[in-house]
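Colleague: Residue numbers (this note's numbering): 202 to 419. Heads up, the beta-carbon is just placed ideally off N, CA and C, and yes, glycines get one too.
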């Protein structure tokens, strides 16, 4: 009886290993918007930490160089968050300023060049019916100007991307229907990857079946 239970436990363990191998390494269930927040904050923090080491602005103005962009609200939120973390006492959005107030402020000017997400079918299988490779990317121009003499403290384009995988059934749940840049398009892989996937799963299953019956025969 003890031997039987030992075999049963080993069989369950091997099934668990098979599930882990075929499922692959899926992403934490982050939404697409959370991915963009993480990418954008990492870029802005590096710049802000570098610039704010040398100056301590009492007032910062956030200004879009391309007004009416659909992503302005997002960039404003991220810059506000980063500047608050760096203990900037007063932060304003350009549209909320009175005439002339910008002339005595440090201005963070930005322009979003690209922000989007792509999906691709993954060759690995999962118990949920498949994995989707997800790649999010951000690319924007940033300039930090110190007034009143318009001294440029920092200027340049910065970009970052992040790729991970998630179960196919979570694909649409990761998007926000009210935020267009969180919605991506799905492209298919070649059949070669899917063939390799089938061989891998069949081979792993065969090993487990062999081990199970080998143990039973002892």
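Would the stretch 271–287 and the stretch 359–378 be scored as touching if the rule is three or more Cβ pairs under 8 Å?
Modeller: With the cut-off at 8 Å, the stretch 271–287 and the stretch 359–378 do not touch.
Colleague: One question on the structure: do residue 423 and residue 271 come within less than 8 Å of each other, judged by their Cβ atoms?
Modeller: With the chain covering 202 to 419 only, the question about residue 423 has no answer from this structure.
Colleague: Beta-carbon separation of residue 254 and residue 309 under 8 Å?
Modeller: On the chain shown, position 53 is the one that residue 254 refers to. On the chain shown, position 108 is the one that residue 309 refers to. Against a cut-off of 8 Å, the Cβ pair of residue 309 and residue 254 comes out as no contact.
Colleague: Closest to residue 293 by CA distance: which of 259, 320, 324 and 322 is it?
Modeller: One-based indexing of the chain shown puts residue 293 at position 92. Considering only alpha carbons, the answer is 259.
Colleague: What is the DSSP secondary structure of residue 273, counted as helix, strand or coil?
Modeller: Against the chain shown, residue 273 aligns to sequence position 72. In the structure shown, residue 273 sits in a helix (DSSP, three-state: H, G or I).
Colleague: So, are the CB atoms of residue 375 and residue 233 less than 8 Å apart?
Modeller: Mapped onto the chain shown, residue 375 falls at position 174. Mapped onto the chain shown, residue 233 falls at position 32. In contact: residue 375 and residue 233 (Cβ atoms closer than 8 Å).
Colleague: Output the distance between the C-alpha atoms of residue 348 and residue 340, rounded to the nearest integer angstrom.
Modeller: Position 147 of the chain shown holds residue 348. Position 139 of the chain shown holds residue 340. Residue 348 and residue 340: Cα-Cα distance of roughly 26 Å.
Colleague: What does the Cβ neighbour count give for residue 333, buried or exposed, with the cut at 16 atoms within 10 Å?
Modeller: Counted from its first residue, the chain shown places residue 333 at position 132. Classification for residue 333: buried.
Colleague: Pick from 275, 257 and 320: whose alpha carbon is nearest that of residue 307?
Modeller: On the chain shown, position 106 is the one that residue 307 refers to. Looking at the Cα atoms, 257 is the closest of the given residues.
Colleague: Taking 6 Å as the limit between beta carbons, can you name the residues of its chain near residue 360, skipping five residues before and five after?
Modeller: Numbered from its first residue, the chain shown carries residue 360 at position 159. Answer for residue 360: 340, listed in chain order.
Colleague: Quick check on this structure: which residue in 383, 305 and 337 has the alpha carbon closest to the alpha carbon of residue 169?
Modeller: Nothing can be reported for residue 169: it is not among the residues displayed for the chain, which extend from 202 to 419.
Colleague: May I have the straight-line CA-CA distance separating residue 246 from residue 363, to the nearest angstrom?
Modeller: Here residue 246 refers to the residue found at position 45 of the chain shown. Here residue 363 refers to the residue found at position 162 of the chain shown. Cα to Cα, the separation comes out at about 17 Å.
Colleague: What's the call for residue 241, buried or exposed, on a 16-neighbour Cβ count within 10 Å?
Modeller: The residue you call residue 241 lines up with position 40 of the chain shown. Looking at its Cβ environment, which holds 16 or more other Cβ atoms inside 10 Å, residue 241 is buried.
Colleague: Could you give the DSSP three-state label for residue 230: helix, strand or coil?
Modeller: Here residue 230 refers to the residue found at position 29 of the chain shown. In the structure shown, residue 230 sits in coil (DSSP, three-state: anything other than H, G, I, E or B).
Colleague: Quick one: grab the DSSP three-state call for residue 458.
Modeller: There is no way to answer for residue 458, as the model of the chain reaches only from 202 to 419.
Colleague: Short of 6 Å in beta carbon distance, which residues of its chain neighbour residue 344, apart from the five on each side in sequence? Order them along the chain.
Modeller: The sequence position of residue 344 within the chain shown is 143, counting from 1. So the qualifying residues of the chain are 310 and 356.
Colleague: With distances taken from CA atoms, which of 277, 266, 318 and 230 is nearest residue 385?
Modeller: In the chain shown, residue 385 corresponds to position 184, counting from 1. With distances taken between Cα atoms, residue 385 lies closest to 318.
Colleague: Identify whether residue 333 lies in helix, strand or coil by the three-state DSSP scheme.
Modeller: In the chain shown, the residue the question calls residue 333 occupies position 132. Strand at residue 333.
Colleague: Run through the stretch 236–286 for me and flag every whole alpha helix (DSSP H) of 4 or more residues, listed as ranges in chain order.
Modeller: Those alpha helix (DSSP H) runs which fall completely within the stretch 236–286 and span 4+ residues are 273–286.
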